[in-house]
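Undergrad: Just dropping this structure here.
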Amino acid sequence: MSLKLINKEWLEDNDCFGCGHLNEHGLKIAVFRDSEDETRLLGRLDAKTHMTGFPGMMHGGVIYTALDCLSSWVPTIFLAEIRAAWVLRSATIKYLRPVLGTKLIDLSAKIEASVPAWQAVSVQAEARNAAGKLLVSGRFKMVPLSLDRFKNVAGLDELPLNWQRLLGETQA
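Counting from 1, position 43 in the sequence shown corresponds to residue 43 in UniProt numbering; the numbering is continuous, with no gaps.
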C-alpha cells in the first residue's frame, strides 16, 4: 500500500529543513494521514549516520526538529479553514530511550483538545522505534499567524508560490 505524502501533495517544491524533500541537507520526514485515527498525522524519519550525536545514537535535536515539523502540519491540515501559518511558541519534550543506529523512526502527532479559532493549540507528538517502543514524547504549542503577520515576522514581501497555495493566499 502506498501512502500519500501530505508534505509532497500539499506543498510542492518543499525545501523545509524538516519535511522538505528538496532540501538536500534536511531530514526529509514523510508526513501522512493515519488510516486508523483520522485526527492524527503520522511521520517517518529515516535516520542517517550524519544525524549522530553520541556514538551510535541519533542527536536529540534531530528528533525534536522532526516532531516540531510534524506538529506544525497537524493544525495546518486539521484546522485548514483558519488559513494560518502555524508556528512553534513553546515545547516540552521527554527523551525516554536513545534512538540507536540508523533506523526508521515512526512519528505521530495530534491536537490534544479543541480550541476556538485563532487560538494556540497543544499538539501531542511522539517518536517510536520499529518495535513500537516509545522513545520521545512531547507537547508542542503551535500558534496561528495570519498570512500578513507571518510575512511580517519572516521579513517577506510575499510568500513563495507553493506556500501561497498551501495557505490559500492564491488560487494559482
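Glycine included, C-beta positions come from ideal geometry on N, C-alpha and C.
Which runs of the beta strand (DSSP E) at least 3 residues long sit entirely within the region 36 to 104? Give them in chain order.
TA: Runs found: 40 to 46, 85 to 95.
Undergrad: Quick check: what's the CA-CA separation for LEU100 versus ALA85?
TA: On the sequence shown, position 100 is the one that residue 100 refers to. On the sequence shown, position 85 is the one that residue 85 refers to. The straight-line gap from Cα to Cα measures roughly 34 Å.
Undergrad: Using CA atoms only, rank isn't needed, just tell me which of THR102, ASN152, ASP68 is closest to PRO55.
TA: By 1-based counting over the sequence shown, the position of residue 55 is 55. Selected option, being the one with the closest Cα: THR102.
Undergrad: In whole angstroms, give me the CA-to-CA distance for TRP73 and LYS133.
TA: The count along the sequence shown starts at 1 and reaches residue 73 at position 73. The count along the sequence shown starts at 1 and reaches residue 133 at position 133. Going from the Cα of TRP73 to the Cα of LYS133 covers about 23 Å.
Undergrad: How far does the alpha helix (DSSP H) with LEU166 in it extend, from its first residue to its last?
TA: The count along the sequence shown starts at 1 and reaches residue 166 at position 166. Where LEU166 is concerned, the enclosing alpha helix (DSSP H) stretches over 161 to 167.
Undergrad: So for MET1, helix, strand or coil by DSSP?
TA: Taking the first residue of the sequence shown as 1, we reach residue 1 at position 1. Unreliable positioning characterises MET1 in this predicted model, as indicated by a pLDDT of 40, which lies under 50. A coordinate reading is not provided.
Undergrad: Count Cβ pairs between the region 58 to 68 and the region 32 to 42 that sit closer than 8 Å; are there 3 or more?
TA: Taking 8 Å as the limit for Cβ pairs, the verdict is that the region 32 to 42 does not touch the region 58 to 68.
Undergrad: Going by the C-beta, is SER137 closer than 7 Å to any heavy atom of the ligand ZN?
TA: Here there are no bound small molecules, and the ligand ZN is not part of this structure.
Undergrad: Would you mind reading off the limits of the beta strand (DSSP E) that contains ALA125?
TA: By one-based count along the sequence shown, residue 125 stands at place 125. Here the beta strand (DSSP E) through ALA125 covers 121 to 128.
Undergrad: From the DSSP secondary-structure annotation, give me the bridge partner or partners of ARG139.
TA: The residue given as residue 139 occupies position 139 in the sequence shown. In the DSSP output, where bridge partners are listed per residue, ARG139 has THR92, GLN124.
Undergrad: For PHE17, does the count of other Cβ atoms within 10 angstroms reach 16, so buried, or fall short, so exposed?
TA: Translated into the one-based positions of the sequence shown, residue 17 becomes position 17. Counting Cβ neighbours within 10 Å, PHE17 comes out exposed, since fewer than 16 surround it.
Undergrad: Since ARG33 sits in a beta bridge, which residues does DSSP pair it with?
TA: Here residue 33 is taken as the residue at index 33 of the sequence shown, counted from 1. Paired residues: LEU41.
Undergrad: Let me know if LYS94 comes out buried or exposed under the rule of 16 or more other beta-carbons within 10 Å of its beta-carbon.
TA: Here residue 94 refers to the residue found at position 94 of the sequence shown. Exposed is the call here.
Undergrad: From ARG33, PHE32, ASN7, pick the residue whose C-alpha is nearest to that of LEU22; which is it?
TA: Taking the sequence shown and counting its residues from 1, one reaches residue 22 at position 22. If we check each option's Cα against that of LEU22, ASN7 comes out closest.
Undergrad: Hey, ARG97 and LEU70: beta-carbon distance below 8 Å or not?
TA: Start at 1 with the first residue of the sequence shown, and residue 97 comes out as number 97. Start at 1 with the first residue of the sequence shown, and residue 70 comes out as number 70. Not a contact, by the Cβ cut-off of 8 Å.
Undergrad: Using the beta-carbon count (16 or more within 10 Å), is GLY155 buried or exposed?
TA: For the purposes of this step, residue 155 is taken as the residue at position 155 of the sequence shown. GLY155 is exposed by the Cβ-count criterion.
Undergrad: State the Cα-Cα distance for the pair MET1 and GLU158, rounded to the nearest angstrom.
TA: Position 1 of the sequence shown, counting from 1, holds the residue named residue 1. Position 158 of the sequence shown, counting from 1, holds the residue named residue 158. With a pLDDT of 40 at MET1, under the threshold of 50, the modelled position of this residue cannot be trusted; read the value that follows with caution. Near 38 Å, if we compare the C-alpha coordinates of GLU158 and MET1.
Undergrad: Would ALA117 be called buried (16 or more neighbouring beta carbons within 10 Å of its own) or exposed?
TA: The residue given as residue 117 occupies position 117 in the sequence shown. Exposed is the call here.
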